[in-house]
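Okay, structure first, notes after.
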Amino acid sequence: MKPLKEFVIPFIGLKIGTHLFEYKVGQAFFEYFEYDDFNDVNVDICVNLVKKVALLELQFKMSGIVNVNCDLTNEPFNQVIEDEFNLVVKFGEAYDDENTDILILPHGAYELNIQQYVYELIVLSVPIKRVHPGVEDGTLNSDILEKLEELSPKLEDKKETIEDIDPRWNTLKKLLTGK
1 MKPLKEFVIP
11 FIGLKIGTHL
21 FEYKVGQAFF
31 EYFEYDDFND
41 VNVDICVNLV
51 KKVALLELQF
61 KMSGIVNVNC
71 DLTNEPFNQV
81 IEDEFNLVVK
91 FGEAYDDENT
101 DILILPHGAY
111 ELNIQQYVYE
121 LIVLSVPIKR
131 VHPGVEDGTL
141 NSDILEKLEE
151 LSPKLEDKKE
161 TIEDIDPRWN
171 TLKKLLTGK
């Protein structure tokens, strides 16, 4: 997979100190990764890179909305997401990304590709269970919700269920409750 040019940071020419990089991520970014769980994406990413003599510190801050389908009704809605992530980049003999917080680049590296970190930050900040806000507050009118309500088991009057119970169980219940 060829890296996206806009997410490659050439840190070799940067002075020691703090540098700010801002990105706007849209649906085309996720089409590149062939990820189709989102209907639409509008996310702002702010990367604060602190260059030191022997390492780089990156702080990712992300906020925006992703349009996803509700797990219950399949109705699309805008899910607000917000998250942060810190990454330390060190230099060593070979490339190593085994640790999630530390990236080791080989000596002589001159650029850093952050597209995978941006992708994972956005995907992992979306809740696992996606429920439309209208379902939670009862304002969403949907054919699927009506059908679920129609097919849900109805609770009957408690007196009828107590009378239908085998009398032997009632005797055992007296032992538990002491009545």
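Our numbering applies: residue 1 is where the sequence shown begins, and numbers increase by one.
Yeah, the Cβ is synthetic: ideal placement off N, Cα and C, and Gly gets one too.
Taking the C-alpha atoms as reference points, what is the distance between D83 and V123?
A direct Cα-to-Cα measurement between D83 and V123 gives close to 11 Å.
Sequence ranges, beta strand (DSSP E) only - wholly within the stretch 30-98, length at least 3:
Fully enclosed beta strand (DSSP E) runs of 3 or longer: 40-51, 56-69 and 76-92.
Between the Cα of Q27 and the Cα atoms of D166, L20 and D37, which residue gives the shortest distance?
With distances taken between CA atoms, Q27 lies nearest to D37 out of D166, L20 and D37.
Going straight from the alpha carbon of G138 to that of I65, what length do you get?
Rounded to whole angstroms, G138 to I65 spans 22 Å at the Cα level.
Using C-beta distances below 8 Å, list every residue in its chain close to L20, excluding the 5 sequence neighbours before and after it, in chain order.
In the same chain as L20, and ignoring 5 residues on each side of it, the C-beta atoms closer than 8 Å to its own belong to C46, V47, N48 and L49, in chain order.
Sorted by chain position, which residues of the same chain lie with C-beta nearer than 7 Å to I102's C-beta, five sequence neighbours on each side aside?
Here the set comprises V88 and K90.
So which of V43, L56, K147 and P167 has the shortest CA-CA distance to Y110?
Taking Y110 as reference, the option from V43, L56, K147 and P167 with the minimal CA-CA separation is L56.
Using a 10 Å radius around the Cβ and a threshold of 16 neighbouring Cβ atoms, would you call V8 buried or exposed?
By the 10 Å Cβ count, V8 comes out exposed.
Go ahead and pull the three-state DSSP assignment for T171.
Helix, per DSSP.
Report yes if the C-beta distance between M62 and V80 is below 8 Å; otherwise report no.
With respect to the 8 Å criterion, M62 and V80 are not classified as neighbours on the basis of their beta carbons.
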